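Worksheet: one structure, shown below.
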Amino acid sequence: MSKIHTALKASAGTVHSSSTPRDMALSSLDKKLIAAGIAPEVISEAHSMKGNNGSGFIDGLIRKKALDEIQLLKILAQHFRLDFRSELPMESINIDFTQNVSIQYLKKYKIVPLITSQGSAIAINDPTNFQPVDDLRRLLQSPDLPVILSSQDAIIAAINMAYDMSRASAKDYFEEMNESSTDDLISKIDETTDLLDETSDAPIIKLVNLLVSGAIKDRASDIHVEPYSGNLKIRYRIDGILYDTLNLPHRIQSPLVSRIKIMAKLNIAEKRLPQDGRIEIKIADRLVDIRVSVIPTAFGERVVLRLLDKTANILKLSDLGMHDQRIKLLNRLIKSPYGIILVTGPTGSGKTTTLYAALSTINHPEINIITIEDPIEYQMDGVGQIQVNPKIDLTFATGLRSIVRQDPDVILIGEIRDRETAEIAIQSSLTGHLVFSTLHTNDAASAVTRLIDMGIEPFLVTSSIIAIIAQRLVRMLCPHCKEVYVPDEETLANLGLGRSVLQNNIFYRKKGCNLCMQTGFRGRTAIFEIMIVDDEIKRLVLKTSDANQINELALKRGMITLQKDGIDKVLAGITTTEEVLRVTRSLNRADDIVLEA
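Quick note: the sequence shown uses this note's numbering, first residue 1108, plus one each step.
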C-alpha cells in the first residue's frame, strides 16, 4: 500500500460505512488548513472545484491564493507523511517515459516521474488526488514507485525539460537542412493542429514548430527572426528582455520566412513590401494567437512574431501588484458614471492587461461594455469586442462613432492615436459614458501635454479626464534562488535612499537556477503612478500644459511616482534595484537636465 493510501487510512480513524477513508482524511486535513489561517468558506469552495478540468482540491486552494504554496505543501507533507522537495533533480532524469506518457496528462494532473540513478519517485502537487498517480504507476509498470511533494512550477519545469530533451532541438534540425528543403515548404498544416503532434519530416517545418513551441515553453512574448550579412539570428523576448536563442546560416532565412508566410497566409512572392498576418495554433492545451510582421531589410526579410496566449486568465486588480490603498482608489475611479481614465506607458508595459483587470471588476449583466481594439488581446464573456480593420476603413474613430449608438455604459478604446479619436472619446465621456483608453507617454503628467499637442482644447481635457495611470513592468526575482545582499552607497543614492534604510529592510539580488533558466527572474509585475485630475490640477492645466509643472503639483497633491512604487517593491523583496532603475531612470528630470547641460 502506498504512503498516500496509508496516510489517508491512518488519519481517518474509525471508518463508518457511509464514509470513505479519503473523506475522513480530508476532514482532518481541513482542520489543519483552518488552523493555518485558511477560511472555512475557501476550503469549502476548493472542495466544490474538484474535478473541474482535472483540477483537484489543492489546485483550488492555490488558485484562490489561500496560503503560500510552499507553506501549503509543507502542511500536506506532514499530514500525509511525504517528503517535500522545493527543487527536483532535473539534470540526471531518465526521459524514457516520454515515449509512453502524454505531456498533456502530466500537466493536467501536475505529476512527473523522476527516474534517476540516485533513486526514483513520482513528484506530485496534490496528494488528495491519488488516482492519476496509480494510473501513472501502471503505465510505467512500477507499482511501488514512491511519491514526493513539489511545487507546481518545479513539476511543470521538469515536464517541459523532459519532453524537450526527448525531441531534438532546433540546433539539431538546422544541421539537416540543405537548399532542396525549400521544395517541402508547400506542405501546409491545419491552423489548429497541435504542434506537439506535428509529424512532418520537412526540416524547415520542424524548425518553425520547435521555435514556436520553445518560445511558449520559455514564456516568451515575441520571436525575432533577424537576417544579417553572414547569419540568421533568432531571439526570444522573455519578461521584456531579448535573449539570443539560435544562430543559423544565412541560407536558412529564405525557406524559414517562406514557411512562416505560408502559415500566416501571406504572399510568399512579395519580398519588397512589409506584410502583416496572423496564425492561430494549438500547443498542448493552449490556444495561441500569433501576430506576424514581416519587413524587408538590407539582408533579407525580418520577421517578428508576437505570441498572445488566448487561454490566459484575465487578471484581477489585486493581481496587478498594486498596494491595497491604490486598489481601493482604482476601484472607486472605475465605478465613476462618466469620464475618461487613461493608462499610459510604452509598448509592452501591460496597459491592456490593467484595463481588462478594471473591466473584469465592473463587468456585470446590468452594464453594457463595448471595446474597440487592435488587436483583441483578451476574450471576455459579456463584453462586445470590435477588431480594428483599416483595410475596410474600420478605424478607432469610425468604430467609435458606431459604438456610441449601441447604448454603451462603458467604452474601451485600445489606443488614442489621433485627434479625431481623442475628440470622440471626450465627447463620449461628456455625454455620460465611462471611457477607458491608453496613450503612449512617459509618465502621467505628460498625457495631458500629449492630448493638448494633438489639438484638444485644455478645457475639454480638464472636463473629461478623471485620472491618468502611468505604468511600467519590472521583472520579479525568482523566489527559489534570490539571495540577500547589501547594496552599495551609489545604488542607494540612485534610488534616493540613505544608509539608514538598511537597518530595517533586506535587499535581494538575482542568482539563477533551473526554474528561471539561470536568469534570476521569473515573471513580471507592474509599478504604477496614479494622477487624480482634481480641481487644483484642472486650474493649472487651463493655464499651462507644461508636464513638469503638472507633475510637481501632482506630487504635492500626494501622487506616488513610478520610482517610489518601484522602491517599495524592492524593499518587499519582489524585484531588484537594477530593475527599477532600468525602467524609471529616464523619468528622472534632474538627470535629464544634467545630461543636456
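For glycine and all other residues, C-beta sits at the position ideal for the given N, C-alpha and C. Since we're looking at a predicted model, the values are computed, not measured.
Mapping the DSSP letters down to three states, classify residue i as helix, strand or coil.
{"i": "M1268", "result": "helix"}
{"i": "P1403", "result": "strand"}
{"i": "T1459", "result": "helix"}
{"i": "R1244", "result": "helix"}
{"i": "A1464", "result": "helix"}
{"i": "A1661", "result": "helix"}
{"i": "G1167", "result": "helix"}
{"i": "S1249", "result": "coil"}
{"i": "M1638", "result": "strand"}
{"i": "Y1343", "result": "strand"}
{"i": "Q1486", "result": "coil"}
{"i": "H1331", "result": "strand"}
{"i": "T1556", "result": "helix"}
{"i": "K1671", "result": "helix"}
{"i": "D1396", "result": "strand"}
{"i": "E1408", "result": "strand"}
{"i": "I1312", "result": "helix"}
{"i": "L1688", "result": "helix"}
{"i": "L1436", "result": "helix"}
{"i": "L1422", "result": "coil"}
{"i": "A1230", "result": "strand"}
{"i": "D1516", "result": "coil"}
{"i": "D1416", "result": "strand"}
{"i": "E1283", "result": "Any reading at E1283 must be qualified, since the residue scores a pLDDT of 49, below 50, and its modelled position is unreliable; the value itself is stated next. In this structure, E1283 counts as coil in the three-state DSSP scheme."}
Keeping to the same chain, check which residues put their C-beta closer than 7 Å to that of residue i; ignore five residues upstream and five downstream.
{"i": "N1470", "result": "I1476, M1487, G1489 and V1490"}
{"i": "R1696", "result": "Note that R1696 scores a pLDDT of 44, beneath 50, so its modelled location is shaky; the value from the coordinates is reported in the next line. Closer than 7 Å at Cβ, skipping near neighbours: N1655."}
{"i": "I1345", "result": "D1325, R1326 and A1327"}
{"i": "I1483", "result": "Q1492 and Q1494"}
{"i": "T1691", "result": "R1579, L1669, Q1670 and G1673"}
{"i": "E1685", "result": "none"}
{"i": "E1643", "result": "L1660 and R1664"}
Looking at residue i: is its Cβ nearer than 8 Å to the Cβ of residue j?
{"i": "R1326", "j": "E1333", "result": "no"}
{"i": "I1218", "j": "Y1270", "result": "no"}
{"i": "I1421", "j": "S1456", "result": "no"}
{"i": "K1442", "j": "V1450", "result": "no"}
{"i": "I1657", "j": "V1648", "result": "yes"}
{"i": "V1517", "j": "L1537", "result": "no"}
{"i": "S1257", "j": "L1213", "result": "no"}
{"i": "V1395", "j": "L1424", "result": "no"}
{"i": "L1427", "j": "A1464", "result": "yes"}
{"i": "R1616", "j": "T1683", "result": "yes"}
{"i": "G1521", "j": "I1563", "result": "no"}
{"i": "S1652", "j": "P1565", "result": "yes"}
{"i": "A1577", "j": "D1550", "result": "yes"}
{"i": "F1614", "j": "P1594", "result": "yes"}
{"i": "T1569", "j": "K1645", "result": "yes"}
{"i": "N1621", "j": "A1264", "result": "yes"}
{"i": "D1351", "j": "K1340", "result": "yes"}
What residues in its chain sit with their C-beta under 6 Å from that of residue i, if we drop five residues either side in the sequence?
{"i": "L1060", "result": "This structure gives no information on residue 1060, because the portion of the chain shown stretches from 1108 to 1704."}
{"i": "L1412", "result": "I1330, I1397 and V1399"}
{"i": "I1222", "result": "N1201"}
{"i": "I1402", "result": "P1381 and R1409"}
{"i": "A1554", "result": "L1449, T1451, L1546, T1548 and I1575"}
{"i": "M1370", "result": "I1386"}
{"i": "E1305", "result": "For E1305, the predicted model reports a pLDDT of 47, less than 50, meaning its position is unreliable; a value from the coordinates is still stated below. So the list reads N1316, once near-sequence residues are dropped."}
{"i": "E1176", "result": "I1169 and S1258"}
So residue i and residue j are in contact, right, with Cβ under 8 Å, and what is the actual spacing, rounded?
{"i": "L1243", "j": "V1208", "result": "7 Å"}
{"i": "L1501", "j": "A1532", "result": "Rounded, the Cβ-Cβ distance is 17 Å, inconsistent with contact."}
{"i": "M1583", "j": "R1631", "result": "6 Å"}
{"i": "L1567", "j": "F1543", "result": "Not really, about 18 Å apart at Cβ, beyond 8 Å."}
{"i": "I1637", "j": "I1447", "result": "I1637 to I1447, Cβ: 14 Å. No contact."}
{"i": "G1539", "j": "P1444", "result": "7 Å"}
Leaving out the 5 sequence neighbours to the left and right, which residues in its chain are closer than 8 Å to residue i when beta-carbon positions are compared?
{"i": "I1141", "result": "P1147 and I1150"}
{"i": "V1687", "result": "V1581, L1602, I1634, Q1670, G1673, I1674, K1676 and V1677"}
{"i": "A1504", "result": "D1525, E1527, T1528 and I1531"}
{"i": "I1229", "result": "I1218, V1219, P1220, L1221, V1240, L1243, R1244, L1252, P1253, V1254 and I1255"}
{"i": "L1168", "result": "L1140, I1145, V1149, I1150, A1153, L1174 and L1179"}
{"i": "I1266", "result": "I1210, L1213, K1214 and V1219"}
{"i": "R1192", "result": "A1230, I1255, L1256, S1257 and A1261"}
{"i": "D1514", "result": "N1475"}
{"i": "L1604", "result": "I1674"}
Counting only beta-carbon separations shorter than 8 Å, does residue i have a partner in chain D?
{"i": "I1341", "result": "Among the chains of the structure shown, chain D does not appear; only one protein chain is present."}
- Message: Ignoring anything shorter than 4 residues, give me the alpha helix (DSSP H) runs that lie fully in the segment 1518-1547, in order along the chain.
- Response: 1526-1537
- Message: Extract the residue ranges of the beta strand (DSSP E) inside the segment 1575-1663, only unbroken runs of 3 or more that lie entirely within it.
- Response: 1590-1592, 1614-1616 and 1628-1639
- Which runs of the alpha helix (DSSP H), 4 residues or longer, sit entirely within the segment 1165-1227? 1176-1187 and 1210-1216
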